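Student: Dropping a structure here in structure tokens format, bear with me for questions.
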Amino acid sequence: MYLRWKRNFWKHSDLLMAAKATIVMAAVAIPLEIAGLSFFAVTLALGVLAGALSETDDHPRGRIKSLILKVLSFGISSLSVELLRPWPLLLGFGLGLSTILFILVGGTGERYRGVTFGAILIGIYAMIGAEISPAWYWQPLLLPGGALFYGVISLILLYYRPYRLLDEQLARGFMALSGYLDEKSSLFPSDKVQQKQIRGRLALLNVQMVNTLERIKEVLNSYRDANDSDSQLALRFHYFMILQGLHERAASTHERYDLLSNEVSSIEVVELAGHTLHELSHAARKFADSLLTGLRFSSPPSLKWIVDALNVKVEQLNLEQTHPVRLLTGNLTRAGISFQRLTEQPEQAVLPKLSRDERSFWQRFRSQLSFQHPRFRYAIRLALCFWIGFFISEYFEIDKGEWIVLTILFVLQPSYSATRKRLFQRVLGTITGIVAGVLIVKLLTLPGQVLLMLTSAFFFFAWLKRQYSVSVVFITIFVLCAFNLISSRGVPVMLPRLIDTIIGAFLALGTVRFLWPQWQYKRLPGLLTGALQKNIIYLRAILSEYEKGTSDDNLEYRIARREAHQADNSMALAWQDMQAEPRKYRKFRQKAFKLTHLNHALLSFVSAFGAHRELGQSVNSRLLIMGQMVLEIFESNSSLNKKTEEISAVVQQIQELLKEDLPPLERQQLILLYNIADIGRQLLLERNKRGEEL
């Protein structure tokens with residue numbers, strides 16, 4: 001029973017992080033509270049909270065650097081607040097300028113992003129606690145001190161299991177893959193209407209998948225910088241390379257599945273393909289669990305059984321060698337083999353190359369200093385919103401007006417839709433937290449309030465990445481308990497806190513609505529152009545592998561694949577954000593969905609072409625010639641009308657070739673290329689039709 005509970009606990013990284021932060025918080029708060037030093041207990045606890053929120057996923061050596069930066073920036077931020085407190089004008093001015101600086105520094109890399117967010121947060125915490133601090137120097141000591149204590153404990157635990165962070169990231173990757181595969185299984189079988197809905201969900205799941213892959217890559221580079229000769233690290237690289245290959249296979253489309261679903265001869269195979277995807281999803285989830293628990297992974301016997309059954313059924317039906325079902329079956333079979341390879345030791349002596357940003361810190365910083373850069377606009381917008389909130393707080397002498405600024409920090413996001421979503425989550429969570437907290441706190445003694453504060457901290461961290469509105473409920477109860485412990489005014493400050501939250505939330509929404517809004521319909525043409533370019537670069541990389549053969553360390557190919565998926569994700573997110581924008585800016589959402597759907601379909605067909613590139617060792621020159629023609633048409637500077645005519649002609653040529661008596665392998669390859677050319681033609685037609693409207 002205990003071992004099962006322990007394994008389940010290790011499987012949930014959010015619970016582990018919540019437990020770690022809460023235990024550290026208890027270690028600093030309980031002894032001081034027993035000693036009657038409530039201010040010191042709560043301020044150190046807030047330092048722990050900020051330290052945990054700003055923690056980065058990094059190699060232990062990188063964590064040490066981050067911790068040093070964190071303590072220094074927390075100290076400077078809180079000290080500046082205390083020194084400038086007698087001069088509100090200077091304090092507000094400094095708050096805005098430092099916010100711009102911190103946001104831009106955070107944009108230079110993941111390591112700095114968490115630290116700089118924490119520095120802004122600590123500055124606001126210092127503003128809130130300034131009036132109840134016994135002396136000006138206590139907050140600049142206690143807030144960084146709490147973060148330092150948490151950071152040291154976290155480092156000690158990390159040295160106990162140094163690859164835990166990397167395993168967590170890889171596990172997230174395989175869990176994201178599992179979700180994608182499970183959703184894709186719904187296509188087998190499906191009709192045209194169902195496909196449209198499923199592919200919309202798949203496009204958004206692909207966003208999560210690609211973002212997770214990017215984060216794994218960054219953490220792998222962090223570990224490689226510290227130690228590139230460790231066999232354990234080589235094993236994680238092996239997992240990552242397999243995960244990327246599985247993602248390419250999962251994203252592949254070999255045929256319109258509604259047509260396959262309507263074929264009487266292949267319906268049983270289509271249903272078996274759906275079951276196979278379910279089993280692949282289960283295997284991905286099982287491997288993710290093994291990474292987190294440390295238990296040995298073995299490919300599920302049910303996966304091998306269903307793959308074998310699928311192949312037997314295909315042979316029994318005696319389908320043509322070029323039937324799309326055979327390509328689909330081959331893709332699923334090789335995906336199953338990939339899970340068996342997860343149990344093998346990597347053969348490569350040298351770690352595969354991964355892309356990274358080679359620019360210096362100053363080059364990355366300077367690249368943001370343009371009003372066209374979204375992060376620069378976000379920094380200016382956040383600083384201006386801080387100034388407005390701070391002015392309202394000071395001018396109207398609002399009780400606990402600093403909460404307005406704190407709310408702005410958490411609610412204001414780079415896009416309108418994200419800010420709108422966060423507003424409702426923040427206000428709803430605060431109201432619920434106040435009602436629940438007031439009812440509970442009045443019933444508790446002092447020790448009970450300490451216990452409630454710590455319990456609230458645990459559930460805040462546990463829910464933070466899963467459901468933000470729920471986490472707000474618990475952080476509100478945490479704040480109520482904290483103020484009650486310090487001054488017995490926890491309940492009276494809740495009404496001002498609610499008012500401040502509403503003011504701050506609507507200030508954030510108004511700022512992103514009226515200050516340099518970037519509505520998604522204006523971005524769509526540029527995003528589509530970029531996505532087409534990235535798909536063409538991806539296709540060129542695939543054709544190069546068909547011509548020259550695949551390699552073990554194909555960095556250029558992997559970069560092209562990743563960038564094509566990232567461009568597709570940008571379109572999917574733009575369409576998703578459009579749903580939450582003001583009504584008058586949503587008039588193109590159906591057109592946006594059509595273009596997004598077609599681009600994702602194009603990427604899926606290109607992925608299928610790439611997933612079968614190992615078949616290209618005996619590629620016919622006609623395939624390369626036709627592929628080159630497709631590339632040249634898309635890359636030309638011709639008008640959309642002319643491009644559409646030219647790609648239609650290529651589609652016709654491939655159709656004529658497919659009528660000839662071709663070897664099975666060449667026919668399969670040409671079918672894949674035909675799918676790419678045909679969906680590209682549809683995309684150009686749709687773009688030409690919608691271009692003037694957009």
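Heads up: the sequence shown begins at 1 in full-length UniProt numbering, then just goes up one per residue. All residues carry an ideal CB built from backbone N, CA and C; glycine is no exception. Remember, predicted model here, so these are calculated numbers, not experimental data.
1) Pair every Cβ in the stretch 172–179 with every Cβ in the stretch 68–87, then say whether three or more of these pairs are closer than 8 Å.
2) Using a Cβ distance threshold of 8 Å, determine whether the stretch 476–490 contacts the stretch 506–519, with at least three qualifying pairs required.
3) What does a CB cutoff of less than 6 Å around SER38 pick up in its chain, not counting 5 residues either side in sequence?
4) From the DSSP output, in three-state form, read off ILE398 for me.
5) Grab me the residues of VAL411's own chain with a C-beta within less than 8 Å of its C-beta, minus the 5 sequence neighbours each way, in chain order.
6) Using 8 Å as the Cβ pair cut-off and three pairs as the minimum, do the stretch 311–325 and the stretch 22–42 touch?
7) Assess, as a yes-or-no matter, whether the stretch 376–390 is touched by the stretch 344–361 under the definition of 3 or more beta carbon pairs within less than 8 Å.
8) Could you check if GLU692 is buried or exposed, using at least 16 other CB atoms within 10 Å of its CB as the buried criterion?
9) Taking 7 Å as the cut-off, is the C-beta of ASP500 nearer than that to any heavy atom in the ligand GDP?
10) Which residue marks the beginning of the alpha helix (DSSP H) containing ASP167, and which one marks its end?
11) Is there contact here, the stretch 147–157 with the stretch 233–252, by at least three beta-carbon pairs under 8 Å?
12) Within the chosen definition, does the stretch 554–571 reach the stretch 531–540 through at least 3 CB pairs nearer than 8 Å?
13) Do the CB positions of ILE647 and GLY610 come within less than 8 Å of each other?
14) Going by the beta-carbon positions, is the gap between LEU354 and ASN227 smaller than 8 Å?
15) Kindly provide the ranges of any beta strand (DSSP E) runs that are 3 or more residues long and lie completely inside the UniProt domain "Integral membrane bound transporter" (389–509), ordered along the chain.
16) Using CA coordinates, which residue listed in ALA541, SER417, SER621, THR430 is at the minimum distance from PRO582?
17) Three-state secondary structure (DSSP) at LEU32?
18) Under the rule that 16 or more other beta-carbon atoms within 10 Å means buried, what is ILE625, buried or exposed?
19) Work out the CA separation of LEU233 and TYR163 for me, nearest whole Å.
20) On the DSSP letters alone, give me the boundaries of the alpha helix (DSSP H) that ARG364 sits inside.
21) Assuming LEU685 and THR644 form a contact by the criterion Cβ under 8 Å, report the distance between their Cβ atoms to the nearest whole angstrom.
22) Express the C-alpha separation of ARG334 and LEU351 in angstroms, rounding to a whole number.
23) Sort ALA126, GLY94, ILE156, LEU89 by Cα distance to ARG61 and report the nearest one.
24) Please report the distance separating the alpha-carbon of LEU694 from that of LYS184.
25) What number of angstroms, rounded off, separates the C-alpha of ILE30 from the C-alpha of LEU166?
26) Quick one: residues in its chain with C-beta nearer than 8 Å to the C-beta of ARG364, no 5 flanking neighbours on either side, listed in chain order?
27) Apart from the five residues just before and just after ILE654, which ones in its own chain have a Cβ nearer than 7 Å to its Cβ?
28) By the three-class DSSP mapping on this structure, what secondary structure does GLN579 have?
29) Which residue comes first and which comes last in the alpha helix (DSSP H) that contains GLN653?
30) Measuring only the C-alpha atoms, how far is residue 769 from THR432?
31) If we count the other Cβ atoms within 10 Å of its Cβ and call it buried at 16 or more, is PRO144 buried or exposed?
32) Going straight from the alpha carbon of HIS238 to that of SER190, what length do you get?
33) Could you check which residue in LYS20, GLU33, ALA18 has the C-alpha nearest to that of THR445?
34) Would DSSP call LYS217 helix, strand or coil?
35) Less than 8 Å between the CB atoms is what I'm expecting for ALA601 and ALA574, so what's the real figure, rounded?
36) What are the uninterrupted segments assigned as alpha helix (DSSP H) that are 4 or more residues long and contained completely in the stretch 98–143, given in chain order?
Tutor: The answer reads as follows:
1) no
2) no
3) Within the sequence shown, the letter at position 38 stands for residue 38. Closer than 6 Å at the Cβ level, and outside the excluded window around SER38, lie LEU485, ILE486.
4) By 1-based counting over the sequence shown, the position of residue 398 is 398. The answer is coil: DSSP assigns ILE398 none of H, G, I, E or B.
5) Walking along the sequence shown from the start, residue 411 turns up at place 411. Same-chain partners within the cutoff: THR419, ARG422, LEU423, ARG426, GLY504, ALA505, ALA508, LEU509.
6) no
7) no
8) One-based indexing of the sequence shown puts residue 692 at position 692. Legend: pLDDT at GLU692 = 48, less than 50; position of this residue unreliable, no value from coordinates given.
9) The ligand GDP is not part of the structure shown, which contains no ligands of any sort.
10) Here the question's residue 167 lines up with position 167 in the sequence shown. Start and end: 164–184.
11) no
12) yes
13) Counted from its first residue, the sequence shown places residue 647 at position 647. Counted from its first residue, the sequence shown places residue 610 at position 610. Not in contact: ILE647 and GLY610 (Cβ atoms no closer than 8 Å).
14) As a position in the sequence shown, residue 354 is number 354, starting the count at 1. As a position in the sequence shown, residue 227 is number 227, starting the count at 1. Against a cut-off of 8 Å, the Cβ pair of ASN227 and LEU354 comes out as no contact.
15) none
16) Within the sequence shown, residue 582 is the residue found at index 582, counting from 1. Checked all of ALA541, SER417, SER621, THR430; the closest Cα to PRO582 is SER417.
17) As a position in the sequence shown, residue 32 is number 32, starting the count at 1. Of the three classes helix, strand and coil, the one that applies to LEU32 here is helix, per DSSP.
18) Translated into positions along the sequence shown, residue 625 becomes position 625. Label assigned to ILE625: exposed.
19) On the sequence shown, position 163 is the one that residue 163 refers to. On the sequence shown, position 233 is the one that residue 233 refers to. Taking the straight line from one Cα to the other gives about 8 Å.
20) Taking the first residue of the sequence shown as position 1, residue 364 is located at position 364. That run of the alpha helix (DSSP H) goes 361–366.
21) As a working mapping, residue 685 is identified with position 685 in the sequence shown. As a working mapping, residue 644 is identified with position 644 in the sequence shown. Confirmed, Cβ separation roughly 6 Å.
22) Taking the sequence shown and counting its residues from 1, one reaches residue 351 at position 351. Taking the sequence shown and counting its residues from 1, one reaches residue 334 at position 334. Roughly 23 Å separates the two Cα atoms.
23) Start at 1 with the first residue of the sequence shown, and residue 61 comes out as number 61. When each option's Cα is compared against that of ARG61, the closest is ILE156.
24) Reading the sequence shown from its first residue, position 694 is the one you call residue 694. Reading the sequence shown from its first residue, position 184 is the one you call residue 184. Only weak support exists for where LEU694 lies, its pLDDT of 48 falling under 50; the value from the coordinates is given anyway. So the two alpha carbons sit approximately 31 Å from each other.
25) On the sequence shown, position 30 is the one that residue 30 refers to. On the sequence shown, position 166 is the one that residue 166 refers to. C-alpha separation (whole angstroms): 33 Å.
26) Your numbering for residue 364 matches position 364 in the sequence shown. Once the five neighbours on either side are set aside, the close Cβ partners of ARG364 are GLY107, THR108, GLY109, ASP357.
27) Residue mapping note: residue 654 aligns to position 654 of the sequence shown, counting from 1. These residues qualify, in order along the chain: MET626, LEU670, LEU673, TYR674, ALA677.
28) For the purposes of this step, residue 579 is identified with residue 579 of the sequence shown, where counting begins at 1. Three-state DSSP puts GLN579 in coil, outside helix and strand.
29) To locate residue 653, count along the sequence shown from 1; it is residue 653. Segment 640–658, the alpha helix (DSSP H) holding GLN653.
30) In this structure the chain extends from 1 to 694, so residue 769 is not present and cannot be described.
31) Along the sequence shown, read from residue 1 onward, the residue named residue 144 stands at position 144. Under this definition PRO144 is a buried residue.
32) Sequence index remark: in the sequence shown, residue 238 carries index 238 (1-based). Sequence index remark: in the sequence shown, residue 190 carries index 190 (1-based). Distance between the alpha carbons of HIS238 and SER190: 35 Å.
33) Position 445 of the sequence shown, counted from the start, is the residue given in the question as residue 445. Checking every option, the nearest Cα to that of THR445 belongs to GLU33.
34) Position 217 of the sequence shown, counted from the first residue, corresponds to residue 217. The answer is helix: DSSP assigns LYS217 an H, G or I state.
35) Working through the sequence shown from its first residue, we reach residue 601 at position 601. Working through the sequence shown from its first residue, we reach residue 574 at position 574. Not quite, the Cβ-Cβ distance comes to about 17 Å (not below 8 Å), so this is no contact.
36) 110–129
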